[in-house]
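In the working numbering, the protein residues as written are 347 to 459. Even glycine gets a Cβ: it sits at the ideal position worked out from N, Cα and C. Beneath this line is the structure, given in structure tokens, with notes to follow.
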């Protein structure tokens, strides 16, 4: 139970840090182009990455009659799942979800998908 809580804490902190890294990148690119970066949502644009994520989730997909709907809806979730499966491979402590002998092989397999 403790390992699962550590895993969830690490997962949430990585996702939040990626969101703030994207806003930092957008601010720097804005200053390079001599304009303000994103400042629409929240104070100084702090909530802009979360607003962008909500916009992407609510965005309508362009589809045609020949499109396989199940694959087009499941593919983003599968790519997110595969990227999150890589995190337990990294040994943060002596307890691991996967066998230590095959961690490197599993890392290469998951990262190549």
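Coarse secondary structure for residue 378, derived from DSSP in three states: In the structure shown, residue 378 sits in a helix (DSSP, three-state: H, G or I).
Nearest-angstrom Cα separation, counted from residue 369 out to residue 376: The C-alpha of residue 369 is placed about 10 Å away from the C-alpha of residue 376.
Own chain partners of residue 435 with C-beta closer than 7 Å, once the 5 adjacent residues on each side are dropped: Excluding residues within five positions, the ones whose Cβ falls inside 7 Å are 444, 449, 452 and 453.
Cβ pair residue 432, residue 402 closer than 8 Å: Against a cut-off of 8 Å, the Cβ pair of residue 402 and residue 432 comes out as no contact.
Alpha carbon of residue 416 to alpha carbon of residue 391, nearest angstrom: Computed Cα separation, rounded: 35 Å.
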